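Trainee:
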Amino acid sequence: MNELVLVLRAADLAARWHVHQRRKGAAGEPYINHLLEVANLVTQATNGSEPNITIAALLHDAIEDQDVRAETIAKEFGQHVTDIVLEVTDDKSLPKAERKRLQVEHAPHKSREAKLIKLADKISNVRAIADSPAQDWTAERRLEYVQWAKDVVAGLRGTSSWLEQQFDDAVRRAEASLG
6 MNELVLVLRA ADLAARWHVH QRRKGAAGEP YINHLLEVAN LVTQATNGSE
56 PNITIAALLH DAIEDQDVRA ETIAKEFGQH VTDIVLEVTD DKSLPKAERK
106 RLQVEHAPHK SREAKLIKLA DKISNVRAIA DSPAQDWTAE RRLEYVQWAK
156 DVVAGLRGTS SWLEQQFDDA VRRAEASLG
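And the structure:
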């Protein structure tokens with residue numbers, strides 16, 4: 006199947022799977038906006054030359070947030086895409102603090118594809134801290150999130166200088182919005 010068709014199929018499925026999910030921010034954006042932003046960032050970082058990463062970016066939260074089965078993704082998009090999605094999926098059976106600790110610990114050991122998606126995901130989330138933070142998040146909680154994101158990204162550096170610059174810019178904006 007044509008790569009563009011697969012990318013659009015992934016976008017369509019992501020929109021359907023996440024149809025009732027909203028971002029935590031004050032704007033309450035549809036969650037698909039986050040998935041499209043992450044996919045757009047990795048597509049720009051790879052100059053559109055690696056559609057499997059774009060597809061995995063669109064689907065990166067499907068297993069974790071929507072209980073989509075890995076087998077479903079594999080059937081639609083192949084094992085390589087599924088492996089990337091699984092690599093960026095947190096184990097929701099673990100306590101949140103443990104999941105966050107593991108993200109920092111495992112970041113340097115991820116595949117290049119997973120690192121690109123993790124970088125783009127952190128960019129999107131830190132941008133949201135600056136542009137539309139969750140209403141119930143205090144300034145202290147937002148700063149803690151930004152610091153944790155910086156700790157994760159420290160283990161991802163060396164993957165894409167462009168994405169790393171985007172992340173650094175997002176951090177500056179988020180920190181400036183708090184102070």
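All residue numbers for the sequence shown refer to the working numbering, where the first residue is 6 and numbers rise by one. Glycine included, every Cβ here is placed at the ideal spot set by N, Cα and C. This structure is a prediction, so every number in the text was calculated from the model and none was measured.
Should serine 129 be labelled buried (16 or more other beta-carbon atoms within 10 Å of its own) or exposed?
Mentor: With 16 or more Cβ atoms within 10 Å of its Cβ, serine 129 is classed as buried.
Trainee: Leaving out the 5 sequence neighbours to the left and right, which residues in its chain are closer than 7 Å to histidine 39 when beta-carbon positions are compared?
Mentor: Arg28, Ser129
Trainee: Does the pairing of the segment 161-173 with the segment 109-125 give three or more beta-carbon distances under 8 Å?
Mentor: Cβ pair count under 8 Å is three or more, so yes.
Trainee: Report all residues from its chain with a CB closer than 7 Å to the CB of threonine 94; omit the five preceding and five following residues, and keep chain order.
Mentor: Ile68, Glu69
Trainee: Exposed or buried, which one is valine 57 when buried takes at least 16 other CB atoms within 10 Å?
Mentor: It should be noted that the sequence gives asparagine, not valine, for residue 57. Asparagine 57 should be labelled buried.
Trainee: Under 8 Å, do isoleucine 78 and alanine 119 count as touching if we go by C-beta distance?
Mentor: no
Trainee: Is there contact here, the segment 173-183 with the segment 134-145, by at least three beta-carbon pairs under 8 Å?
Mentor: yes
Trainee: Given this structure, state the Cα-to-Cα distance separating aspartate 96 from leucine 107, to the nearest angstrom.
Mentor: 10 Å
Trainee: Using only alpha-carbon positions, find the residue among Asn45, Ala16, Ala31 that is nearest to tryptophan 142.
Mentor: Ala31
Trainee: Which stretch, first to last residue, makes up the alpha helix (DSSP H) that contains lysine 101?
Mentor: 101-111
Trainee: Are the segment 7-17 and the segment 41-58 touching, with three or more C-beta to C-beta distances below 8 Å?
Mentor: yes
Trainee: In the DSSP output, what is alanine 139 paired with across the bridge?
Mentor: Gly30
Trainee: Given a threshold of 16 other Cβ atoms within 10 Å of its Cβ, counted over all protein chains shown, does histidine 65 qualify as buried or as exposed?
Mentor: buried
Trainee: Just mark leucine 3 as buried or exposed, buried being the case when its beta carbon has 16 or more other beta carbons within 10 Å.
Mentor: Since the first residue shown for the chain is 6 and the last is 184, residue 3 is missing from the structure and cannot be characterised.
Trainee: Should alanine 44 be labelled buried (16 or more other beta-carbon atoms within 10 Å of its own) or exposed?
Mentor: buried
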